[in-house]
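Novice: Start counting the sequence shown at 0; every next residue gets the next number (numbering that gives the first Met the number 0). From the three backbone atoms N, C-alpha and C, an ideal C-beta is built for every residue, glycine too.
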Amino acid sequence: MAEESVEIERPAGAVDRALQVLELIGTAGSAGITELALELGVHKSTVSRIVSALEARGFVEQVPDGRKYRIGLTVVRLAGSTMATLDMTRCGQDTCDALAAKTGETTNLAVLADAQAINVVEAVGASNVALRTWVGQASPAHATSSGKVLLAGLSEEQLRQTFSGGLARFTDRTIADVDDLVDELRTVGRQGWAMAVEELELGLVAIAAPVRDHTGTIVWALSISGPRYRLDPDDAENLVATVVTAAADLSKLFGYRAAGSASAPGIAEKS
0 MAEESVEIER
10 PAGAVDRALQ
20 VLELIGTAGS
30 AGITELALEL
40 GVHKSTVSRI
50 VSALEARGFV
60 EQVPDGRKYR
70 IGLTVVRLAG
80 STMATLDMTR
90 CGQDTCDALA
100 AKTGETTNLA
110 VLADAQAINV
120 VEAVGASNVA
130 LRTWVGQASP
140 AHATSSGKVL
150 LAGLSEEQLR
160 QTFSGGLARF
170 TDRTIADVDD
180 LVDELRTVGR
190 QGWAMAVEEL
200 ELGLVAIAAP
210 VRDHTGTIVW
220 ALSISGPRYR
230 LDPDDAENLV
240 ATVVTAAADL
250 SKLFGYRAAG
260 SASAPGIAEK
270 S
């Protein structure tokens, strides 16, 4: 095809086309080869080669049904290095700073990338004595409080597709059965927060609540984490309320209104 030969002779044209593909997928949320080819006005084989190259580098990934592609983890990680320039992230940083100051514990905002929770914003509380940073770190969603909050926004079908290969166990407390995870996420969806007690690491406890955008979609999970001797799961009522309130306030800044919001149904609504 003439279009394909031009791209082969002009590498800059192929780069531009790849960027167009990323923009189209990012705007649509997910897109297939055929619709991308129609939108760009090129042959499907051209788009297929571009998408294959992007997928190999982690810029895009297949959605669970395997017919469409969405933005991949590489883009999320790269975006993390520049997100401080965005108003949304500045608001998130302010919220994390305030929550860390109030609780004394490390505070994070995380996003969901397939079966992983990626921390994109962090504030270290006064009680924290470790030098470890969680920014940019990918953690198994099913074993973290942030991950549970984010996964609770998925349907049961999406959840089972995401974990079709099974659940990894990290401690004796890790949820390693998909049916048990479904039950746990229903509870998370109903109560509006999640807790992970030594499910990823022994001695680590975390509490998270959802941050929603103007459509009601869960876009972030706001969490605090610390050692069990400070975050006692049996005496965490006040901390839970503090995290939930902070997440709700941040959601309001992004235009979310609890009454009358059209949020996408998550696993909590499934029976």
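Measuring CA to CA, which of D212, E236 and V204 is closest to P226?
Specialist: On the sequence shown, position 227 is the one that residue 226 refers to. Cα-wise, what sits closest to P226 is V204.
Novice: Less than 6 Å between C-beta atoms, sequence neighbours within five positions excluded: which residues of the same chain meet that for L201?
Specialist: As a working mapping, residue 201 is identified with position 202 in the sequence shown. Within the same chain, L201 has close Cβ partners T170.
Novice: Can you tell me which of the three DSSP states G225 falls into?
Specialist: Within the sequence shown, residue 225 is the residue found at index 226, counting from 1. Strand.
Novice: In the structure shown, what three-state DSSP assignment does A193 receive?
Specialist: To locate residue 193, count along the sequence shown from 1; it is residue 194. DSSP places A193 in strand when its eight states are reduced to three.
Novice: Work out the CA separation of L230 and E198 for me, nearest whole Å.
Specialist: Translated into positions along the sequence shown, residue 198 becomes position 199. Translated into positions along the sequence shown, residue 230 becomes position 231. Rounded to whole angstroms, E198 to L230 spans 14 Å at the Cα level.
Novice: If I'm right that T143 touches A195 with Cβ under 8 Å, what's the distance once you round it to whole angstroms?
Specialist: What you label residue 143 is simply residue 144 of the sequence shown in a count that begins at 1. What you label residue 195 is simply residue 196 of the sequence shown in a count that begins at 1. With a Cβ gap of about 5 Å, T143 and A195 count as contacting.
Novice: Residues in the same chain with beta-carbon distance under 6 Å from G71, minus the five sequence neighbours each way, listed in chain order, please.
Specialist: Here residue 71 refers to the residue found at position 72 of the sequence shown. Cβ within range, chain order: G57, F58, V59 and E60.
Novice: Rank A257, Y255, G265 and T244 by C-alpha distance to the C-alpha of C95 and give the top, closest one.
Specialist: Position 96 of the sequence shown, counting from 1, holds the residue named residue 95. Comparing Cα positions, the closest option is T244.
Novice: With distances taken from CA atoms, which of S154, A116 and V74 is nearest V316?
Specialist: Because residue 316 is not part of the residues shown, which for the chain are 0 to 270, the question remains open.
Novice: Go ahead and pull the three-state DSSP assignment for E198.
Specialist: Indexing the sequence shown from 1 puts residue 198 at position 199. In the structure shown, E198 sits in coil (DSSP, three-state: anything other than H, G, I, E or B).
Novice: Pull the bridge partners of Y68 from the DSSP assignment, please.
Specialist: Working through the sequence shown from its first residue, we reach residue 68 at position 69. Answer by DSSP bridge pairing, in chain order: A30 and Q61.
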